[in-house]
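**Q** Chains as they are written, first to last, in my numbering: chain L, 1 to 225; chain V, 1 to 225. Even glycine gets a Cβ: it sits at the ideal position worked out from N, Cα and C. Next up is a structure, given as structure tokens.
Number of protein chains: 2
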Amino acid sequence: MTTADRPSLLLVEDDAVLGPLIAELLDPDYRVQLVTNGRDGLHHGLTGTWAVIVIDRGLPVMDGIALIAALRSKGIATPILILTALGDADEKVRGLDAGANDYVTKPFDAGELAARLRALTRTFTSPAPARVMIGDWELNPTQRTVRSVYGQTVSLTAKEGQLLAALAAEPARVFTRDELLTAYFHASDQPGVIDTYVHHLRRKISKAVIRTVHGLGYQIGDAHE
Amino acid sequence: MTTADRPSLLLVEDDAVLGPLIAELLDPDYRVQLVTNGRDGLHHGLTGTWAVIVIDRGLPVMDGIALIAALRSKGIATPILILTALGDADEKVRGLDAGANDYVTKPFDAGELAARLRALTRTFTSPAPARVMIGDWELNPTQRTVRSVYGQTVSLTAKEGQLLAALAAEPARVFTRDELLTAYFHASDQPGVIDTYVHHLRRKISKAVIRTVHGLGYQIGDAHE
DNA sequence: CCGGCGTTTAAGAAATGCTTAAGAAGTGCC
DNA sequence: GGCACTTCTTAAGCATTTCTTAAACGCCGG
Numbered sequence: 001m002t003t004a005d006r007p008s009l010l011l012v013e014d015d016a017v018l019g020p021l022i023a024e025l026l027d028p029d030y031r032v033q034l035v036t037n038g039r040d041g042l043h044h045g046l047t048g049t050w051a052v053i054v055i056d057r058g059l060p061v062m063d064g065i066a067l068i069a070a071l072r073s074k075g076i077a078t079p080i081l082i083l084t085a086l087g088d089a090d091e092k093v094r095g096l097d098a099g100a101n102d103y104v105t106k107p108f109d110a111g112e113l114a115a116r117l118r119a120l121t122r123t124f125t126s127p128a129p130a131r132v133m134i135g136d137w138e139l140n141p142t143q144r145t146v147r148s149v150y151g152q153t154v155s156l157t158a159k160e161g162q163l164l165a166a167l168a169a170e171p172a173r174v175f176t177r178d179e180l181l182t183a184y185f186h187a188s189d190q191p192g193v194i195d196t197y198v199h200h201l202r203r204k205i206s207k208a209v210i211r212t213v214h215g216l217g218y219q220i221g222d223a224h225e
Numbered sequence: 001m002t003t004a005d006r007p008s009l010l011l012v013e014d015d016a017v018l019g020p021l022i023a024e025l026l027d028p029d030y031r032v033q034l035v036t037n038g039r040d041g042l043h044h045g046l047t048g049t050w051a052v053i054v055i056d057r058g059l060p061v062m063d064g065i066a067l068i069a070a071l072r073s074k075g076i077a078t079p080i081l082i083l084t085a086l087g088d089a090d091e092k093v094r095g096l097d098a099g100a101n102d103y104v105t106k107p108f109d110a111g112e113l114a115a116r117l118r119a120l121t122r123t124f125t126s127p128a129p130a131r132v133m134i135g136d137w138e139l140n141p142t143q144r145t146v147r148s149v150y151g152q153t154v155s156l157t158a159k160e161g162q163l164l165a166a167l168a169a170e171p172a173r174v175f176t177r178d179e180l181l182t183a184y185f186h187a188s189d190q191p192g193v194i195d196t197y198v199h200h201l202r203r204k205i206s207k208a209v210i211r212t213v214h215g216l217g218y219q220i221g222d223a224h225e
């Protein structure tokens, strides 16, 4: 893995043996910056950009709790994990309430620490807001609206939206009335319902969007030419 | 603490004894909704708005890991804490990598659990100006008032404020009645409650602020101008 | 020019939303 | 605790929107 690809991690650990050990352990996954006291931790925390910060509880110059509180009070929102030998429930409560996001006690399992760090740095990008382009129009199914590229927005009814979405799902394909009917309307409906809704859509949006294929059905986009 | 102020928490726990016990434990701090299998957990997780979700590993119908994966795949970014008896490091890694944010093993310390939940629900957004603009109105959630740009101030009741804040939190998003219901009203309430409060808000503020999306729900802002 | 096919219109049926009012529940004060 | 007041919840009737049907009209191809 190239150096550039790894997220940066600030490790604040004063133990001369454990510090480098942990740094080495995390090295495959993170670009680790090791500092050995609270003051340096504060400085790096405030000035650098870190994916996550790992802090020991007992630190010289500035205690871990104080360090976290200082960072948080300055508006630093970076995820912080406390890694320490102090494992009392009360200690954990104090650490977490000071602003830490997770608390792991020594001795720790390397795999668990890695997983917890992944959990802290993970970001959930919600699946792209389903948006479909139809000519000059953009369909927003969840909101059931269609917006033209010029800003005008039209709201559709449920059936209108379903019909348009169905057609837009496979541009250039010709859908028969029966196909559209069974998929998006009541089975008992007459095929003529489709015609009516096509008309509604054409009136609301623009005539050119839905093309009629005589004797077959309807089609969107990618016509002729 | 008034009922209205607590954040909502979804608890998925199948143990008939432990479930209600944990629910009671968390009750002072959260409005807890307890469901006892993965399918119900998925439904509530997808349709409701939760501050945090607590999930047991071993669940009937749908495993806890599968539940988390399903929620994450749907774009649900709500913090999730796994609370289970399975404490192997490997189990923890699997749970966290599935998308959980924290992992607590039974038996657990009540104080630690509470602190970890606080850490998950905490937001570090720098001293957020608790003010939300909604069209010509400015919502002050803590004070539960709404002031028009022309100086007129209207005070809202708790439910009115919650409803307006919920809608304003994600402008342009369409909220279903069920979403609003599970998040801010009693589970036993009829969906019609929402209609009533929307009516109250419209009368107090202005008709145009909350838009009805027929067949779906309600929405604020970003309507077609 | 004729017959099918597609379009447009209108109107009743069904579904959904709005409004109102009144009882229940909660809250604060004496 | 009891009382007055506010807030919450329910439910029912009315209003509106959406859905579906159907019939009149126009267009295209043979």
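Hey, does R116 of chain V have any beta-carbon neighbour from chain L nearer than 8 Å?
**A** For R116 of chain V, the answer is yes, since a Cβ of chain L falls inside 8 Å of its Cβ.
**Q** Pair every Cβ in the stretch 49 to 63 of chain L with every Cβ in the stretch 75 to 93 of chain L, then say whether three or more of these pairs are closer than 8 Å.
**A** These segments touch.
**Q** Taking the alpha carbon of Y103 of chain V as the reference point, which residue from V:A110, V:V93 and V:G111 has its own alpha carbon closest?
**A** Checking every option, the nearest Cα to that of Y103 of chain V belongs to V:V93.
**Q** Output the boundary residues of the beta strand (DSSP E) element that contains Y218 of chain V.
**A** It spans G217 to I220 - the beta strand (DSSP E) in which Y218 of chain V sits, taken as one unbroken run.
**Q** Excluding the 5 residues preceding and the 5 following Q162 of chain L in the sequence, name in chain order all residues of the same chain whose CB lies nearer than 6 Å to its CB.
**A** Within the same chain, Q162 of chain L has close Cβ partners Y184.
**Q** Taking V198 of chain L and Y218 of chain L to be in contact with their CB atoms under 8 Å, please state how far apart those CB atoms are, rounded to whole angstroms.
**A** Right, the Cβ-Cβ distance comes to about 6 Å (below 8 Å), so this counts as a contact.
**Q** Going by DSSP in three states, S8 of chain L sits in which element: helix, strand or coil?
**A** If DSSP states are grouped into helix, strand and coil, S8 of chain L belongs with the strands.
**Q** Is DSSP giving Q162 of chain V helix, strand or coil here?
**A** Helix.
**Q** Should Y30 of chain L go down as buried or exposed, given a rule of 16 or more other Cβ atoms within 10 Å for buried?
**A** Looking at its Cβ environment, which holds 16 or more other Cβ atoms inside 10 Å, Y30 of chain L is buried.
**Q** Give me whichever residues DSSP pairs with E138 of chain V in a beta bridge.
**A** Answer is V:M133 and V:R147.
**Q** How is L113 of chain L classed by DSSP in three states: helix, strand or coil?
**A** In this structure, L113 of chain L counts as helix in the three-state DSSP scheme.
**Q** Please list, in chain order, the chain L residues whose beta carbon lies closer than 9 Å to that of G111 of chain V.
**A** Those within 9 Å of G111 of chain V in chain L are A89, D90, K92 and V93.
**Q** Could you check how far apart the C-beta atoms of V154 of chain V and I205 of chain V are, in whole angstroms? I think they sit under 8 Å.
**A** Yes, V154 of chain V and I205 of chain V are in contact; Cβ-Cβ is about 6 Å, under 8 Å.
**Q** Determine the chain V residues that contact D29 of chain L at a beta-carbon separation under 9 Å, and present them in chain order.
**A** Residues of chain V passing the Cβ test: none, with the nearest at roughly 13 Å.
**Q** Please list, in chain order, all residues of the same chain as H200 of chain L whose beta carbon is under 7 Å from its beta carbon, the five residues on each side excluded.
**A** Excluding sequence neighbours, H200 of chain L sits near E160.
**Q** Whose C-alpha, out of V:L26, V:E24, V:D56 and V:L18, is nearest the C-alpha of V12 of chain V?
**A** Of the listed residues, the one whose Cα sits closest to V12 of chain V is V:D56.
**Q** Give the residues of chain L in contact with V213 of chain V, contact being defined as C-beta atoms less than 9 Å apart.
**A** Those within 9 Å of V213 of chain V in chain L are Q143, R144, T145 and S155.
**Q** On the three-state DSSP scale, how would you describe T153 of chain L?
**A** Residue state, collapsed to three classes: strand.
**Q** By DSSP, does D102 of chain V sit in helix, in strand, or in coil?
**A** D102 of chain V falls in the strand class under three-state DSSP.
**Q** Is there at least one Cβ from chain V nearer than 8 Å to N37 of chain L's Cβ?
**A** Not closer than 8 Å to any Cβ of chain V, the Cβ of N37 of chain L fails to qualify, so no.
**Q** Determine, using beta-carbon pairs with one atom in the stretch 104 to 124 of chain V and one in the stretch 61 to 69 of chain V, whether at least three such pairs fall under 8 Å.
**A** Touching, no, given that fewer than three Cβ pairs across the two stretches are closer than 8 Å.
**Q** Skipping 5 residues on each side, what residues in its chain have a beta carbon closer than 8 Å to that of A166 of chain V?
**A** T49, F175, L180, A183 and Y184.
**Q** Under three-state DSSP, which class holds A196 of chain V?
**A** According to the sequence displayed, residue 196 of chain V carries Thr and not Ala. Three-state DSSP puts T196 of chain V in a helix.
**Q** According to the Cβ coordinates, are D15 of chain V and P60 of chain V closer than 8 Å?
**A** No.
**Q** Can you confirm whether D102 of chain V, when its beta carbon is compared against all beta carbons of chain L, has any partner nearer than 8 Å?
**A** Yes, D102 of chain V counts as interfacial toward chain L.
**Q** If we call anything under 8 Å between Cβ atoms a contact, is V132 of chain L one with A168 of chain L?
**A** Yes, Cβ-Cβ distance for V132 of chain L and A168 of chain L is below 8 Å.
**Q** Taking D178 of chain L as the reference, give the member of L:L216, L:R202 and L:A23 with the closest Cα.
**A** Comparing Cα positions, the closest option is L:L216.
**Q** I'd like to know if A23 of chain V contacts chain L, where contact means its C-beta is closer than 8 Å to some C-beta of that chain.
**A** It does not: the Cβ of A23 of chain V has no partner Cβ on chain L nearer than 8 Å.
**Q** DSSP has L34 of chain L in a bridge; who is on the other side?
**A** The partner list for L34 of chain L (beta bridge, DSSP) reads L:L11.
**Q** Return the Cβ separation of L46 of chain V and K74 of chain V in integer angstroms, given the expectation that the two are a contact with Cβ distance under 8 Å.
**A** The Cβ separation is near 6 Å, so the contact holds.
**Q** Would you mind working out which of V:D90, V:T196, V:A114 and V:E91 sits nearest D90 of chain L, comparing C-alpha positions?
**A** D90 of chain L has its Cα closest to that of V:A114, out of V:D90, V:T196, V:A114 and V:E91.
**Q** What residues in its chain sit with their C-beta under 8 Å from that of R39 of chain L, if we drop five residues either side in the sequence?
**A** Excluding sequence neighbours, R39 of chain L sits near V61 and M62.
**Q** Exposed or buried, which one is H43 of chain V when buried takes at least 16 other CB atoms within 10 Å?
**A** Exposed, by the Cβ-count rule.
**Q** Let me know the secondary structure DSSP gives T121 of chain V once reduced to three states.
**A** The answer is helix: DSSP assigns T121 of chain V an H, G or I state.
**Q** For A51 of chain V, would you say it is in contact with chain L, using Cβ-to-Cβ distances shorter than 8 Å as the test?
**A** No, no contact with chain L.
**Q** Quick one: which residues of the stretch 55 to 76 of chain L get their C-beta closer than 7 Å to a C-beta of chain V? List them in chain order.
**A** Flagged, chain order: R72 and G75.
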